[in-house]
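K.L.:
In our numbering, the protein residues as written are 43 to 431. We treat Cβ as the ideally placed atom computed from N, Cα and C, and that holds for glycine. Treat the numbers as computed from the prediction; the structure is a model and nothing was measured. What follows is a structure written as structure tokens; I'll ask about it next.
Set out below in structure tokens:
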């Protein structure tokens, strides 16, 4: 890492002054200003750009080979822009990417409203790229129409992948029945049948908990459920195989000092968890991050029952939207009434980076993941055993 923790560049024309923060101590010192900027200018979908979220990620994911590069911009001395980045080096290729991978679901820039935010963002990215001498800038799951998307496209960036993030507007709804009415009559009958069977299996109860001991227990249980499901269906998942994933969520769940708006929704059967969603609440929107259930109840769709109870809870609490995050799926498609395109962008900034982009080397993981999902379960189990994932 660079020392003493800041590289500075005074902007031309009296616009913004750029600096780089790359040590944990200087990052922690920025918390009051960062939180104030989020409160004043942040959007609900910038939940993954919260200072607390980045703090938990830094303390669980950042290793010796990672180089945090947080670009901060000040206008007349006041914090007006934060771009949370990190340099990763793979096979000799230095890539400037967003802090939070793989737990963050939207890459974005926290920036106060100005007349030319795209220009400021592009200047910030250029400053970081030149300071750290990187080959590529990569931004995953950038929401269409965001200032970051506009800036990268203006800088010559290319969309390497495209997905859809579905969401449900909860405004004006009286309860889950309004959402269920979107299903076919056959589907509604099937849902009622499974609900009755689930109730016959034991006494159901539902609750939503925030950071603390109950949330920590919910995280442990949800991850255990997820591992059981991954094993049963021979899913290859580097994210879950990495112990840092569970460590990150343990850190989030246990911390009342650095809350991120965690909302763990738990459906119990006879007092034992049957389905859990680990979600986040930010500025009136609920983000569904991890969904997991006890595979003993798989044929009774406990996850669907848990979601229905959560919809009612969100509506009662005045939550305006339920964001199911990318990628889209059949069950999300049936529920959603809002869809936002999210793109993975690549911006080459060196000759090596341009060569990598021309050869589409940046899409290797995307292609590999798509190919794996098409393999039969037996083949996936062999791969899982070989790779340890």
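#1: If we call anything under 9 Å between Cβ atoms a contact, is residue 147 one with residue 368?
#2: Do you know offhand how far residue 350's Cα is from residue 274's?
#3: DSSP state of residue 227, grouped into three classes?
#4: Taking residue 381 as part of the alpha helix (DSSP H), name the residues at either end of that continuous run.
#5: Ignoring anything shorter than 3 residues or poking outside the segment 127–155, list the beta strand (DSSP E) runs there in chain order.
#6: Is the segment 229–243 in contact with the segment 295–307, if contact means three or more CB pairs nearer than 8 Å?
#7: In three-state DSSP terms, what is residue 344?
#8: List the endpoints of the continuous beta strand (DSSP E) containing residue 166.
#9: Which full runs of the alpha helix (DSSP H) of 4+ residues lie inside the segment 57–90, going along the chain?
#10: How many Å lie between residue 59 and residue 75 at the Cα?
#11: Should residue 385 be flagged as near chain D, meaning a C-beta pair shorter than 9 Å?
#12: Exposed or buried, residue 118, counting other C-beta atoms within 10 Å across all chains shown (16 or more means buried)?
#13: Within this structure, are the beta carbons of residue 364 and residue 327 separated by less than 9 Å?
#14: Going by C-alpha to C-alpha distance, which of 137, 64, 191 sits closest to residue 111?
#15: Look at residue 250 and residue 291 and say whether their C-beta atoms are less than 9 Å apart.
#16: Compute the Euclidean distance between the alpha carbons of residue 243 and residue 235, then round it to the nearest angstrom.
#17: According to the neighbour-count rule (16 or more other Cβ atoms, all chains shown, within 10 Å of its Cβ), is residue 247 buried or exposed?
#18: Give me whichever residues DSSP pairs with residue 304 in a beta bridge.
#19: Leaving out five residues on either side along the sequence, give the residues of the same chain with a beta carbon under 8 Å from the beta carbon of residue 405.
#20: Can you grab the Cα-Cα spacing for the pair residue 358 / residue 218, in whole Å?
#21: Put residue 284 into one of helix, strand or coil per three-state DSSP.
#22: Helix, strand or coil for residue 415, going by three-state DSSP, please let me know.
#23: Keeping to the same chain, check which residues put their C-beta closer than 8 Å to that of residue 337; ignore five residues upstream and five downstream.
#24: Kindly list the residues whose CB is nearer than 7 Å to the CB of residue 97, restricted to its own chain and excluding five residues on each side of it in sequence; keep chain order.
#25: Please classify residue 374: is it buried, with 16 or more other beta-carbons within 10 angstroms of its beta-carbon, or exposed?
#26: For a test of your reading of the model: does the CB of residue 174 fall under 8 Å from any non-hydrogen atom of the ligand ADP? Yes or no.
#27: Please list the segments of the beta strand (DSSP E) lying wholly inside the segment 214–260, counting only runs of 3 or more residues, in order along the chain.
#28: Looking at the strands, I want to know which residues DSSP matches up with residue 181.
#29: Taking the CB atoms as reference points, tell me whether residue 302 and residue 95 lie closer together than 9 Å.
#30: Can you give me the Cβ contacts of residue 360 inside the same chain, cut-off strictly under 8 Å, excluding the 5 residues immediately before and after it?
#31: Which whole-angstrom value describes the C-beta separation of residue 317 and residue 348, a residue pair presumed to lie in contact below a C-beta threshold of 8 Å?
#32: Express the C-alpha separation of residue 227 and residue 167 in angstroms, rounding to a whole number.
#33: Which whole-angstrom value describes the C-beta separation of residue 263 and residue 315, a residue pair presumed to lie in contact below a C-beta threshold of 8 Å?
#34: CB-CB under 6 Å to residue 288, same chain, minus the five flanking residues each way: which ones, in chain order?
#35: Locate the alpha helix (DSSP H) running through residue 402, then write down its first and last residues.
#36: Tell me where the beta strand (DSSP E) around residue 116 begins and ends.
P.N.:
Concretely, from the data shown:
#1: Numbered from its first residue, the chain shown carries residue 147 at position 105. Numbered from its first residue, the chain shown carries residue 368 at position 326. Taking 9 Å as the Cβ cut-off, residue 147 and residue 368 qualify as a contacting pair.
#2: Here residue 350 refers to the residue found at position 308 when the chain shown is read from its first residue. Here residue 274 refers to the residue found at position 232 when the chain shown is read from its first residue. In this structure, the CA atom of residue 350 is about 25 Å from the CA atom of residue 274.
#3: The residue labelled residue 227 in the question sits at position 185 within the chain shown. Three-state result, residue 227: helix.
#4: Along the chain shown, one-based indexing puts residue 381 at 339. Not the alpha helix (DSSP H): residue 381 falls in the beta strand (DSSP E), residues 380–390.
#5: 135–140
#6: These segments do not touch.
#7: The residue you call residue 344 lines up with position 302 of the chain shown. Helix.
#8: One-based indexing of the chain shown puts residue 166 at position 124. Element bounds for residue 166: not the beta strand (DSSP E) but the alpha helix (DSSP H), 159–174.
#9: 66–71, 73–83
#10: Indexing the chain shown from 1 puts residue 59 at position 17. Indexing the chain shown from 1 puts residue 75 at position 33. The alpha-carbon of residue 59 is positioned some 15 Å away from that of residue 75.
#11: Here chain D cannot be found, since the structure has a single protein chain.
#12: Counting from one through the chain shown, the residue named residue 118 turns up at place 76. By the 10 Å Cβ count, residue 118 comes out exposed.
#13: Stepping through the chain shown from its first residue, residue 364 is reached at position 322. Stepping through the chain shown from its first residue, residue 327 is reached at position 285. For residue 364 and residue 327, yes; Cβs fall inside 9 Å.
#14: Position 69 of the chain shown, counted from the start, is the residue given in the question as residue 111. Selected option, being the one with the closest Cα: 64.
#15: Against the chain shown, residue 250 aligns to sequence position 208. Against the chain shown, residue 291 aligns to sequence position 249. Going by C-beta atoms, residue 250 is not nearer than 9 Å to residue 291.
#16: Locating residue 243 in the chain shown gives position 201, where the first residue counts as 1. Locating residue 235 in the chain shown gives position 193, where the first residue counts as 1. Their backbone Cα atoms lie some 13 Å apart in a straight line.
#17: Looking up residue 247 in the chain shown gives position 205. So residue 247 ends up on the exposed side.
#18: For the purposes of this step, residue 304 is taken as the residue at position 262 of the chain shown. DSSP lists 322 as partners of residue 304.
#19: By one-based count along the chain shown, residue 405 stands at place 363. Result list for residue 405: 202, 203, in chain order.
#20: Taking the chain shown and counting its residues from 1, one reaches residue 358 at position 316. Taking the chain shown and counting its residues from 1, one reaches residue 218 at position 176. C-alpha separation (whole angstroms): 11 Å.
#21: Numbered from its first residue, the chain shown carries residue 284 at position 242. If DSSP states are grouped into helix, strand and coil, residue 284 belongs with coil.
#22: Taking the chain shown and counting its residues from 1, the one referred to as residue 415 is at position 373. Residue 415 falls in the helix class under three-state DSSP.
#23: Residue mapping note: residue 337 aligns to position 295 of the chain shown, counting from 1. So the qualifying residues of the chain are 267, 270, 271, 274.
#24: Here residue 97 refers to the residue found at position 55 of the chain shown. Excluding five sequence positions before and after residue 97, the CB atoms of its chain that fall closer than 7 Å to its own CB belong to 300, given in chain order.
#25: Here residue 374 refers to the residue found at position 332 of the chain shown. Buried, because 16 or more other Cβ atoms sit within 10 Å of the Cβ of residue 374.
#26: In terms of ligand content, the structure shown is empty, and the ligand ADP therefore cannot be addressed.
#27: Those beta strand (DSSP E) runs which fall completely within the segment 214–260 and span 3+ residues are 246–251.
#28: Stepping through the chain shown from its first residue, residue 181 is reached at position 139. 387.
#29: Position 260 of the chain shown, counted from the start, is the residue given in the question as residue 302. Position 53 of the chain shown, counted from the start, is the residue given in the question as residue 95. Contact flag set, yes.
#30: Position 318 of the chain shown, counting from 1, holds the residue named residue 360. So the qualifying residues of the chain are 326.
#31: On the chain shown, position 275 is the one that residue 317 refers to. On the chain shown, position 306 is the one that residue 348 refers to. Indeed, because the Cβ distance is near 4 Å, the residues count as touching under 8 Å.
#32: Residue 167 sits at position 125 when you count from the first residue of the chain shown. Residue 227 sits at position 185 when you count from the first residue of the chain shown. The straight-line gap from Cα to Cα measures roughly 51 Å.
#33: Within the chain shown, numbered from 1, the residue matching residue 263 stands at position 221. Within the chain shown, numbered from 1, the residue matching residue 315 stands at position 273. Confirmed, Cβ separation roughly 5 Å.
#34: The residue given as residue 288 occupies position 246 in the chain shown. Correct list, in chain order: 265.
#35: In the chain shown, residue 402 corresponds to position 360, counting from 1. From DSSP, residue 402 is part of no alpha helix (DSSP H); its letter is neither H nor E.
#36: As a position in the chain shown, residue 116 is number 74, starting the count at 1. Annotation: the continuous beta strand (DSSP E) that includes residue 116 extends over 109–117.
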